[in-house]
Amino acid sequence: MVDIAFTGIGSGLQVSEIVDAIVGAERAPFESRLNRREAAITTDISAVGALKGGLQNVADAIENLASTDKYQQRNITGSDDFVALSSTKSAEVGSYSVQVDQLASTHKLVSAGIDSSEAVGEGTLTFASGSNSFDISVSSSAILGDIRDSVNDSLDNDAITATIITDDNGQHLVFTSKETGLANAIKVTTNDVSDGNNTDNAGLSRLAYDADSASPTFAKNLSETSAATDAKITIDGALVVTNSSNEFVDAIDGITITAKKVHDVDDNISKASVSENNANIKAGIEGFVKSYNELVDLSKQLGASSEDGVGPLAGDSLLRGVMGKLRQELSSSFASSGSDNLTLNQLGIRADRFGKFELDTDDLDAQIALNVEGVQNFFVGSDDVPGFAASLKTLTDFYTESGGLIEGRIDSKNNQLTKIDDERIDFTRRIDSLETRLFAQYNAMDLIVSNLNATSSYLEQQLDNLPGVVRNNN
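Counting with this note's numbering, you get residues 6 to 479 for the letters of the sequence shown.
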């Protein structure tokens with residue numbers, strides 16, 4: 006826009022006001038028309054976006070019923086100070102007694118006291134624990150701290166940690182297995198270069214330990230402060246199970262038992278009780294009903310057409326199509342078992358006179374108790390035949406996913422908004438050009454008028470100077 010404002014010097018006209026009025030007369034109807042179009046498109050995008058959100062909520066809710074993992078779950082009780090219990094859906098309903106006889110423990114070995122500055126001896130230490138073994142080289146000047154660091158820093162060491170404890174007798178090198186159980190007991194063998202004897206209690210062989218050695222007197226030069234032990238439990242008073250860790254997986258099908266504390270003679274034996282847990286099915290259905298009812302309320306707001314007001318999608322074919330397809334899908338039946346089919350109505354999910362769902366929990370509970378596998382098949386289906394959840398998800402995806410009807414409409418409306426922006430830019434160029442042209446035209450006219458006024462004044466002056474000419478001022 007040209008920022009010029011003045012009164013015509015020659016003509017006395019209010020040029021700025023005239024130009025502004027002409028430009029305003031051009032601008033006002035154009036902007037009003039574009040603003041109305043823009044508002045209508047923006048409202049449509051918001052309304053269709055809200056519809057998409059409502060459909061997505063329904064899809065998310067039904068997703069909670071689409072997997073077999075959500076059905077026929079198990080509850081297990083009996084965790085106490087002695088055992089922690091968990092179960093999967095493969096656990097059979099029943100009760101079991103569990104007694105902890107022994108806990109698994111790590112292996113810990115400690116050296117005799119050695120001065121912190123004393124060279125331990127030269128050679129090679131070979132460590133073994135479980136399936137892991139590794140070597141470290143020990144120089145003639147190495148002290149206990151150097152050996153500790155070599156053990157902990159070894160890239161081949163997955164099984165043992167080393168630390169130093171200092172007491173009144175000096176430093177003690179401590180080796181601890183990372184894993185529990187007899188199979189992870191630590192074995193340390195030496196190649197003692199310093200004195201050539203690999204089993205005596207001098208030089209590097211002071212760190213030798215091999216519980217299976219044929220010469221245990223000399224192979225056990227480290228003290229065992231914690232023996233490597235397996236965990237042991239007794240199930241139902243007769244079945245003994247051992248394990249390298251305190252976690253027993255599937256000692257009873259589908260049940261994990263973690264031993265925490267050994268039962269003493271006077272302690273009550275732990276009891277594991279497995280029962281069916283179908284609460285998640287009910288919770289999933291309640292979530293689906295809630296999301297669908299919210300969608301129904303939303304559709305009524307969007308499609309309202311009454312004296313109270315008109316919704317942004319009143320009479321819209323997209324809204325009618327979405328809700329019509331949904332109602333058709335919700336009335337379908339799906340296979341439950343064999344040749345039998347189920348419907349939402351049989352599961353206690355029924356529409357009221359307003360089109361919203363009501364859940365009869367008694368009917369639902371009865372159907373689950375009677376045929377929980379059939380309820381699962383209704384929602385989940387099979388590899389060959391999709392169930393209700395997958396079928397409904399396919400329908401909602403048709404509208405909500407990229408390339409779907411709703412996304413296509415939103416993209417189209419956004420393109421229209423882009424065109425409106427382009428129209429505004431083009432109009433601004435044209436209106437600026439008009440304003441510049443009008444100012445040029447009025448300025449030119451004003452100059453002409455100014456010149457005419459000057460000529461008129463000159464002629465009057467010349468006439469007044471002619472002899473015998475008397476001006477008549479009346």
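Backbone N, C-alpha and C define an ideal beta-carbon position, used for all residues, glycine too.
My parser needs the beta strand (DSSP E) runs of 3 or more residues fully inside the segment 109-193; what are they?
The beta strand (DSSP E) runs lying completely inside the segment 109-193 and spanning 3 residues or more are 113-115, 128-134, 137-143, 165-172, 175-182, given in chain order.
Decide if G413 is buried, meaning its Cβ has at least 16 other Cβ atoms within 10 Å, or exposed.
As a first step, residue 413 is located in the sequence shown; it is residue number 408 there, counting from the start. By the 10 Å Cβ count, G413 comes out exposed.
According to DSSP, is T204 helix, strand or coil?
For the purposes of this step, residue 204 is taken as residue 199 along the sequence shown, with counting starting at 1. Coil at T204, not helix or strand.
Taking the alpha-carbon of A394 as reference, which of T48, E43, D65 has the nearest alpha-carbon?
Here residue 394 refers to the residue found at position 389 when the sequence shown is read from its first residue. Taking each of T48, E43, D65 in turn and checking the Cα distance to A394, the smallest one comes out for D65.
What residues match up with E229 in a beta bridge as DSSP calls it?
Against the sequence shown, residue 229 aligns to sequence position 224. In the DSSP assignment, the residues bridged to E229 are L114.
T93 - DSSP class collapsed to helix/strand/coil
The residue you call residue 93 lines up with position 88 of the sequence shown. Coil at T93, not helix or strand.
7 angstroms Cβ shell around I436 - same chain, five flanking residues per side excluded
For the purposes of this step, residue 436 is taken as residue 431 along the sequence shown, with counting starting at 1. Correct list, in chain order: V28, E31, R32.
If I follow the unbroken beta strand (DSSP E) through Y101, where does it start and stop?
Here residue 101 is taken as the residue at index 96 of the sequence shown, counted from 1. For Y101, the enclosing beta strand (DSSP E) has its first and last residue at 99-107.
Along the chain, where does the alpha helix (DSSP H) containing S296 start, and where does it finish?
Within the sequence shown, the letter at position 291 stands for residue 296. Note, S296: alpha helix (DSSP H), 284-307.
Is the beta carbon of F369 less than 9 angstroms from the beta carbon of L352?
Position 364 of the sequence shown, counted from the first residue, corresponds to residue 369. Position 347 of the sequence shown, counted from the first residue, corresponds to residue 352. Contrary to the premise, residue 369 reads as Leu rather than Phe in this sequence. Cβ distance < 9 angstroms, so L369 and L352 count as in contact.
Starting from I67 and walking both ways along the alpha helix (DSSP H), at which residues does that stretch end?
Here the question's residue 67 lines up with position 62 in the sequence shown. First-last of the alpha helix (DSSP H) with I67: 20-68.
Short of 7 angstroms in beta carbon distance, which residues of its chain neighbour F432, apart from the five on each side in sequence? Order them along the chain.
The residue given as residue 432 occupies position 427 in the sequence shown. Answer for F432: F35, listed in chain order.
Hey, how far is the Cα of S461 from the Cα of Y447?
Reading the sequence shown from its first residue, position 456 is the one you call residue 461. Reading the sequence shown from its first residue, position 442 is the one you call residue 447. Taking the straight line joining both Cα atoms gives about 21 angstroms.
So the alpha helix (DSSP H) V385 belongs to, where does it begin and stop?
Start at 1 with the first residue of the sequence shown, and residue 385 comes out as number 380. DSSP places V385 in the uninterrupted alpha helix (DSSP H) bounded by 366-385.
Residues bridged to S310 [DSSP beta-bridge criterion]
Position 305 of the sequence shown, counting from 1, holds the residue named residue 310. For S310, the beta-bridge partners assigned by DSSP are V315.
Where does V315 land, buried or exposed, given buried means 16+ other C-beta within 10 angstroms?
As a first step, residue 315 is located in the sequence shown; it is residue number 310 there, counting from the start. Classification of V315: exposed, given that the 10 Å Cβ count is below 16.
Buried versus exposed, by CB contacts within 10 Å (16 or more), D469
The sequence position of residue 469 within the sequence shown is 464, counting from 1. Exposed: under 16 other Cβ atoms inside 10 Å.
For S116, which option in Y214, A232, Q19 has the closest C-alpha, if you only look at C-alpha atoms?
Taking the sequence shown and counting its residues from 1, the one referred to as residue 116 is at position 111. Nearest C-alpha to S116: Y214.
As assigned by DSSP and simplified to three states, the class of S280
Position 275 of the sequence shown, counted from the start, is the residue given in the question as residue 280. If DSSP states are grouped into helix, strand and coil, S280 belongs with the strands.
When the Cα atoms are used, what is the spatial distance from Q107 to G292?
In the sequence shown, the residue the question calls residue 107 occupies position 102. In the sequence shown, the residue the question calls residue 292 occupies position 287. If I take the Cα positions, the gap works out to 46 angstroms.
Is DSSP giving D255 helix, strand or coil here?
Counting from one through the sequence shown, the residue named residue 255 turns up at place 250. In this structure, D255 counts as strand in the three-state DSSP scheme.
Check whether the Cβ atoms of G118 and H177 sit closer than 9 angstroms, and answer yes or no.
Residue mapping note: residue 118 aligns to position 113 of the sequence shown, counting from 1. Residue mapping note: residue 177 aligns to position 172 of the sequence shown, counting from 1. A Cβ-Cβ contact shorter than 9 angstroms links G118 with H177.
Suppose you measure from the CA of Y76 to the CA of N420; what does that come to, to the nearest Å?
Counting from 1 along the sequence shown, the entry for residue 76 is found at position 71. Counting from 1 along the sequence shown, the entry for residue 420 is found at position 415. Straight-line Cα distance between these residues: approximately 46 angstroms.
What does the alpha-carbon distance come out to for the pair I169 and E123?
Working through the sequence shown from its first residue, we reach residue 169 at position 164. Working through the sequence shown from its first residue, we reach residue 123 at position 118. If I take the Cα positions, the gap works out to 14 angstroms.
Return yes when the Cβ of K266 is within less than 9 angstroms of the Cβ of S182, no when it is not.
Numbered from its first residue, the sequence shown carries residue 182 at position 177. Numbered from its first residue, the sequence shown carries residue 266 at position 261. Not a contact, by the Cβ cut-off of 9 angstroms.
Which whole-angstrom value describes the C-beta separation of S296 and N62, a residue pair presumed to lie in contact below a C-beta threshold of 8 angstroms?
Taking the sequence shown and counting its residues from 1, the one referred to as residue 296 is at position 291. Taking the sequence shown and counting its residues from 1, the one referred to as residue 62 is at position 57. Contact flag correct, Cβ pair sits at about 4 angstroms.
Selected residue, minimal CA-CA separation from G409, among V53, S37, G386
Looking up residue 409 in the sequence shown gives position 404. Of the candidates V53, S37, G386, the one whose C-alpha sits nearest the C-alpha of G409 is V53.
Alpha-carbon to alpha-carbon, F253 and G263
In the sequence shown, counting from the first residue as 1, residue 263 sits at position 258. In the sequence shown, counting from the first residue as 1, residue 253 sits at position 248. Rather than Gly, the amino acid found at residue 263 in this sequence is Thr. Looking at the two C-alpha atoms, the distance is approximately 6 angstroms.
Tell me, to the nearest whole angstrom, how far the beta carbon of I165 is from that of V156; I am working on the premise that it is less than 8 angstroms.
Residue 165 sits at position 160 when you count from the first residue of the sequence shown. Residue 156 sits at position 151 when you count from the first residue of the sequence shown. The beta-carbon distance between I165 and V156, rounded to whole angstroms, is 6 angstroms. This is short enough to meet the 8 angstroms contact definition.
Cα-Cα separation, I274 to D85
Taking the sequence shown and counting its residues from 1, the one referred to as residue 274 is at position 269. Taking the sequence shown and counting its residues from 1, the one referred to as residue 85 is at position 80. Our two residues, I274 and D85, have alpha carbons roughly 10 angstroms apart in a direct line.
Note down, one range per segment and in chain order, each alpha helix (DSSP H) of at least 4 residues found wholly within the segment 440-471.
Here no run is fully enclosed.
Classification of N162 by the beta-carbon crowding that lies within 10 angstroms, buried from 16 upward:
What you label residue 162 is simply residue 157 of the sequence shown in a count that begins at 1. Counting every other CB atom within 10 Å of its CB across the protein chains shown gives N162 a total of 16 or more, marking it as buried.
Touch test, the segment 325-332 against the segment 379-390, Cβ-Cβ under 8 angstroms, three pairs minimum
The segment 325-332 makes no contact with the segment 379-390: fewer than 3 CB pairs, one atom from each, lie closer than 8 angstroms.
Please classify F339: is it buried, with 16 or more other beta-carbons within 10 angstroms of its beta-carbon, or exposed?
Counting from 1 along the sequence shown, the entry for residue 339 is found at position 334. Buried.
Expressed to the nearest angstrom, what Euclidean distance is found between the alpha-carbon atoms of S121 and L209?
Residue numbering aside, residue 121 sits at position 116 when the sequence shown is read from its first letter. Residue numbering aside, residue 209 sits at position 204 when the sequence shown is read from its first letter. Straight-line Cα distance between these residues: approximately 15 angstroms.
For E394, name the three-state secondary structure that DSSP assigns.
The count along the sequence shown starts at 1 and reaches residue 394 at position 389. Correcting the residue type first, residue 394 is Ala in the shown sequence and not Glu. A394: helix per DSSP, three-state reduction.
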